Structures are given as C-alpha cells and as structure tokens.
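K.L.:
Counting in the numbering used here, the sequence shown runs from 2 upward without gaps.
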Amino acid sequence: MTTSAQLLELSPVVPVVVVDDAADAVPLARALLRGGVGVIELTLRTPAALAAIERVAAEVPGIVVGAGTVTTPEQAGQALKAGASFLVTPGATTRLLDAVEDTGLPFLPGAATVSEALVLAERGLTALKFFPAEASGGVDFLRSVAGPLPGLRFCPTGGISVTSAPSYLALPNVGCVGGSWLTPKDAVASGDWERIAELAAAAAALSSAPPSR
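Put into structure tokens, the structure is as follows:
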C-alpha cells in the first residue's frame with residue numbers, strides 16, 4: 002500500500018475533482034491516466050462522490066483514487082467502503098484524525114497554520130495538506146516554515162493555478178500541489194475528455210524540487 006509520504010510523489014499535480022454525475026467519473030479518470038496523471042482525488046462535496054469513487058476503483062485499476070474533503074468520521078468509513086485508496090482532510094480535529102487513522106488508509110491531513118502543523122507532527126504525521134493555500138499565505142508561508150519545520154512536507158491546495166503551480170513545486174517542502182484546473186467543469190459537462198487528457202499531460206510534465214536532506 003502507498004504510504005502517506007508516497008502520496009506526495011504520485012504526481013506533481015493531484016487533480017482535485019468535484020463530480021455531479023458518477024457516470025462521468027470513469028471516462029474522466031481514464032482521460033487523466035492517458036495524460037500521464039495516475040492519481041485522482043474525488044471530493045466528497047456532492048451526493049455522487051462515493052459512487053464515483055466506487056466506479057473508478059472498480060473500472061480504472063491504473064489510477065490511484067482517493068477521497069477528498071473528508072470532514073467527518075462517518076465519511077472516512079464510507080470512503081474506505083467505496084474503495085478509496087487514500088483520504089484527504091481540509092482540516093484536522095482529534096475525532097476526525099482518529100477515524101481516518103482507523104481506516105488504515107494513507108492520508109493527508111489539512112493544516113493552515115504553524116500550530117496546526119505542529120499538532121499533526123506530534124502525532125507522527127509528516128505529510129500534510131496545506132489548505133487553503135493561496136488564502137493562507139501561499140508560497141511565502143511555505144518558504145517561511147521550511148526552516149523551523151524541516152521534517153514536514155506539504156501538498157498545497159486551494160486557489161492554485163497552472164501559472165502558480167511551478168512556484169510551489171520549486172519549494173523543497175512541497176511534494177505536489179492539488180489543482181482543479183485539470184478538470185474544468187465545462188469539459189466534464191461536455192465530455193471533452195481529450196481536453197482533460199491534454200491538461201493532464203501538461204501537469205505531468207511539471208517537476209517538483211527534491212526533498213531536502
């Protein structure tokens with residue numbers, strides 16, 4: 002099984018996807034895979050999300066499918082049952098962390114401040130989600146915390162674009178970024194899977210800085 006730290010190495014960009022129709026999930030995941038992106042985070046923001054995870058897990062074995070926007074202990078269990086291979090939370094409470102850890106799945110817990118990151122580090126968690134990235138200081142914040150928090154690495158998500166992604170990926174404490182631009186709503190609605198494959202190919206070509214030693 003992939004570890005939490007290895008989640009940061011699956012792709013320079015993790016597609017953060019909201020699906021309104023579970024039927025779109027499989028062709029969307031296949032388009033990402035054709036473009037060279039082997040991971041997808043399907044967020045639990047719509048009623049279709051769990052069914053979408055289940056379909057991708059069953060029909061697109063070449064892609065690592067995770068559940069994002071996990072905000073309750075119940076959702077953690079539901080995502081596990083649906084076939085998710087990893088979990089992502091926007092923030093972290095003790096009860097939520099306990100439930101996510103109980104699933105046995107690798108996960109990226111969300112933090113937006115130094116104190117929140119330290120709380121997670123005290124639990125032995127070193128691969129974190131930085132959310133909401135742009136609203137919480139973006140590249141400047143992550144550059145500033147690299148010194149005092151050398152053992153932590155991040156997947157910043159929230160407001161990141163194809164233009165700003167390289168600045169994040171150049172940081173030694175960033176393993177990947179989360180982005181919604183790979184799966185535009187109009188492309189999904191119209192079934193323009195080739196456009197999504199092209200966006201995925203461009204994202205897969207981005208590179209991240211090697212971890213500091």
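The beta-carbon is built from N, C-alpha and C at its ideal position, and this holds for glycine as well.
For clarity, every value in this text was computed on a predicted model and none was experimentally measured.
Shortest alpha-carbon distance to Phe142 belongs to which of Ser168, Thr104, Val120 and Val38?
P.N.:
Measuring from the Cα of Phe142, the nearest candidate turns out to be Ser168.
K.L.:
Ile54 by DSSP, collapsed to three states: which one?
P.N.:
Note: Ile54 maps to helix in three-state DSSP.
K.L.:
Can you give me the Cβ contacts of Leu9 inside the same chain, cut-off strictly under 7 Å, excluding the 5 residues immediately before and after it?
P.N.:
Excluding positions up to five away in sequence, the list reads Ala128, Arg154, Cys156, Gly176 and Cys177.
K.L.:
Three Cβ pairs or more, each shorter than 8 Å: is that satisfied between the region 98 to 114 and the region 125 to 140?
P.N.:
Yes, they touch.
K.L.:
Between Gln7, Val38, Ala6 and Pro16, which has its C-alpha nearest Lys186's C-alpha?
P.N.:
Considering only alpha carbons, the answer is Pro16.
K.L.:
So the beta strand (DSSP E) Ile41 belongs to, where does it begin and stop?
P.N.:
That run of the beta strand (DSSP E) goes Val40 to Thr44.
K.L.:
On the three-state DSSP scale, how would you describe Val140?
P.N.:
Helix at Val140.
K.L.:
What's the gap between the Cα of Ala59 and the Cα of Ala30?
P.N.:
If I take the Cα positions, the gap works out to 12 Å.
K.L.:
Less than 6 Å between C-beta atoms, sequence neighbours within five positions excluded: which residues of the same chain meet that for Glu55?
P.N.:
Closer than 6 Å at Cβ, skipping near neighbours: Ala83 and Gly84.
K.L.:
Exposed or buried, what is Pro13 when buried is set at 16 or more other beta-carbons lying within 10 Å of its beta-carbon?
P.N.:
It is buried - the Cβ of Pro13 has at least 16 other Cβ atoms within 10 Å.
K.L.:
Following the continuous alpha helix (DSSP H) through Leu31, name the residue where it begins and the one where it ends.
P.N.:
Here residue 31 is Arg; the residue named in the question, Leu, does not match the sequence. That run of the alpha helix (DSSP H) goes Ala26 to Arg35.
K.L.:
I'd like the span of the alpha helix (DSSP H) that includes Pro16, first residue to last.
P.N.:
Not the alpha helix (DSSP H): Pro16 falls in the beta strand (DSSP E), residues Val14 to Val18.
K.L.:
Could you give the residue range of the alpha helix (DSSP H) that holds Leu200?
P.N.:
Unbroken alpha helix (DSSP H) run through Leu200: Trp194 to Ala205.
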